[in-house]
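Under my numbering, residue 479 is the last one in the sequence shown; the count climbs by one each step, no gaps.
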Amino acid sequence: MSELKLPTRSEDYAEWYNQLVLRAELADYAPVRGCMIVRPYGWALWENIQQALDGRFKATGHVNAAFPLLIPRSFIEKEKSHVAGFSPELAVVTIGGGEKLEEPLVIRPTSETIIGHAYAKWIQSYRDLPVLINQWNSVVRWELRTKLFLRTLEFFWQEGHTAHATAEEAQAETLQMLDIYADFARTDAAIPVIPGRKSEAERFAGADQTYSIEAMMGDRKALQAGTSHNLGQNFAKAFEIRYLDKNGTLQYCWTTSWGLSTRIIGAIIMVHGDDQGLILPPRLAPFQAVIVPIFKNDDEKAAVLEASSRIREHLVSAGIRVKVDEREGASPGFKFNDWEMRGVPMRIELGPKDVAKAGAVLARRDRPGKEGKSSIPQSGIADAVSKGLADIQKALYERALAFREANTAAPKDYAEFKAAVENGFALAYWCGNGECEAKIKEGTKATMRCIPLEQPWGPGRCILCNQAAKEKAIFARAY
Ligand SMILES: [Zn+2]
């Protein structure tokens, strides 16, 4: 398989993506249309993503729990905009154990309602607050147009749900989690993201405010990579989540929810991948380095494998995730291509000549060919690999940031704006009126991605209607 070339990104970006996902063995199609089988290599990547996020959640006082997959249909109907937003996407169970159910059950599309129900029971007093719970699970949304990792009928994610005594605390929590997502994306996934606020039209169903991190993919389209919602008192009122304050007065809680899903894997593929395949950021890669032993006869084999296993041990003790590719019947060239396809950040080539002089060759995945190769002594190899991995992590981020900056325009008028969103992001003043937003979407297929939290440019005039505008927004075509 891996000896076949992928379509290049410029030839057919969508097909490049689809084939890469399959051939890197990240995921496969499932018998049910729109579902996804995450293969072990893709799941190992997801586990590293989970660890990186979970550590941040726990460091900020959150705990994990598990809520049920099945939710009474009536729960979804309790919050008006929530039901309007999710109804078209619901999968509903009407028969259980061969009997028609008295009340249909929905498979959770998200868990605000069932968690709201539990919080109403658990929270009595201000002493019970805040409640800071996260769960790692999968949810189902009946999507019509699906694509592996980016939009699937069932997807994996985490959903955090918190309850607070005041509006200020809920807002601080919403922004804290957005900040955690942004830090994770930049530090671990090497993805430059723009944290910002969503317009009313793009808000989560039932939220007062939605915030997101937005990233530019390799085809210059946008992808929303994580969201954090301030739910105000909407769900608290729908589910009677109340507490007695210090004066003995009954008050509604203020709640938040926030989620990041396996979509981020799609982002990693599209931000870093090249025409040879995947390029994984070292901090998340299941294997950070792979050792490819090279030999022609049994004597060479014994010496090379012995050295490989010694180097492997050094690297493992240095905390590096490493694999020796001992597959029989596959040539070194095949293995090189295969690991390039699978995006392993660093390859360690080890042949008889290297063994004879106690050396090895390191090859960086982000710099194909001779430019990315270096000969190093085996003594101190762990340090050389660690340093190389840190360099790759940094280089991937910088490359992605330079790409985004090169493809982000600040159009002066609507004609420039239309040209800009054909080829990337447009950072433009917007008056805040939903009509302008809708007209832009209709006329250009570009949506308002977010209003960046940082607004260093001061007020201006709306790119469409020329009315006064307080803020600039990012517009782009999006996944
Ligand atoms: Zn306007």
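Virtual Cβ for every residue (Gly too), placed ideally from N, Cα, C.
None of these values were measured; they are calculated from a predicted model.
Below 7 Å CB to CB, which residues in the same chain sit around residue i once its five sequence neighbours on both sides are set aside?
i           : result
residue 377 : 358 and 359
residue 27  : 21, 36, 37, 38, 39, 42, 148 and 149
residue 464 : 414, 436, 439 and 440
residue 50  : 136
residue 167 : 254
residue 221 : 476, 477, 478 and 479
residue 318 : 382 and 386
residue 61  : 132
residue 100 : 94
residue 4   : none
Within a Cβ cutoff of 6 Å, which residues of the same chain sit near residue i, ignoring the five residues on either side of it in sequence?
i           : result
residue 467 : 431
residue 494 : Nothing can be reported for residue 494, as the shown portion of the chain is limited to 1 through 479.
residue 17  : none
residue 52  : 184 and 188
residue 161 : 115, 133 and 257
residue 308 : 291, 293, 324 and 350
Excluding the 5 residues preceding and the 5 following residue i in the sequence, name in chain order all residues of the same chain whose CB lies nearer than 8 Å to its CB.
i           : result
residue 85  : 204, 205 and 206
residue 89  : 109, 141, 142 and 143
residue 279 : 272, 273, 343, 345, 365, 366 and 396
residue 277 : 6, 20, 23, 24, 340, 341, 342 and 343
residue 1   : Residue placement at residue 1 is poorly supported in this model, since its pLDDT is 45, which falls under 50; the coordinates are not used for a value here.
residue 33  : 146 and 153
residue 103 : 72, 73 and 74
residue 186 : 192, 193 and 397
Going by beta-carbon coordinates alone, are residue i and residue j separated by less than 7 Å?
i           : j           : result
residue 181 : residue 260 : yes
residue 113 : residue 71  : yes
residue 437 : residue 451 : no
residue 408 : residue 427 : yes
residue 184 : residue 262 : no
residue 111 : residue 67  : yes
residue 125 : residue 250 : no
residue 45  : residue 188 : no
residue 195 : residue 213 : yes
residue 374 : residue 362 : yes
residue 170 : residue 254 : yes
residue 223 : residue 190 : no
residue 219 : residue 13  : yes
residue 303 : residue 385 : no
residue 165 : residue 129 : yes
residue 264 : residue 288 : no
residue 79  : residue 238 : yes
Check the C-beta distance from residue i over to residue j and give it rounded, since I have them as a contact under 8 Å.
i           : j           : result
residue 292 : residue 349 : 6 Å
residue 120 : residue 313 : Actually they do not touch by this definition, with Cβ atoms about 55 Å apart.
residue 459 : residue 469 : 6 Å
residue 123 : residue 163 : 6 Å
residue 381 : residue 311 : 6 Å
residue 474 : residue 425 : 5 Å
residue 347 : residue 336 : 7 Å
residue 216 : residue 404 : 4 Å
With distances taken from CA atoms, which of the options is nearest residue i?
i           : options               : result
residue 157 : 362, 225 and 163      : 225
residue 81  : 403, 318, 234 and 106 : 234
residue 209 : 174, 216 and 242      : 174
residue 461 : 304, 420, 410 and 351 : 410
residue 93  : 453, 73 and 167       : 73
residue 418 : 172, 296, 403 and 476 : 476
residue 353 : 404, 400 and 301      : 301
residue 211 : 319, 256 and 221      : 256
residue 69  : 138, 383 and 100      : 138
residue 15  : 329, 433, 315 and 275 : 275
residue 422 : 307, 329, 443 and 76  : 443
residue 242 : 151, 127, 62 and 306  : 127
residue 282 : 58, 394 and 62        : 394
residue 305 : 316, 406 and 351      : 351
residue 232 : 96, 172 and 401       : 172
residue 48  : 247, 64, 118 and 286  : 286
residue 332 : 97, 296 and 118       : 296
Taking contact to mean at least 3 C-beta pairs separated by less than 8 Å, is the stretch 282-292 in contact with the stretch 315-332? yes
Assess, as a yes-or-no matter, whether the stretch 195-202 is touched by the stretch 447-461 under the definition of 3 or more beta carbon pairs within less than 8 Å. yes
Whether or not the stretch 166-182 and the stretch 221-238 are in contact is what I'm after, with contact meaning three or more pairs of Cβ atoms, one per stretch, closer than 8 Å; do they touch? yes
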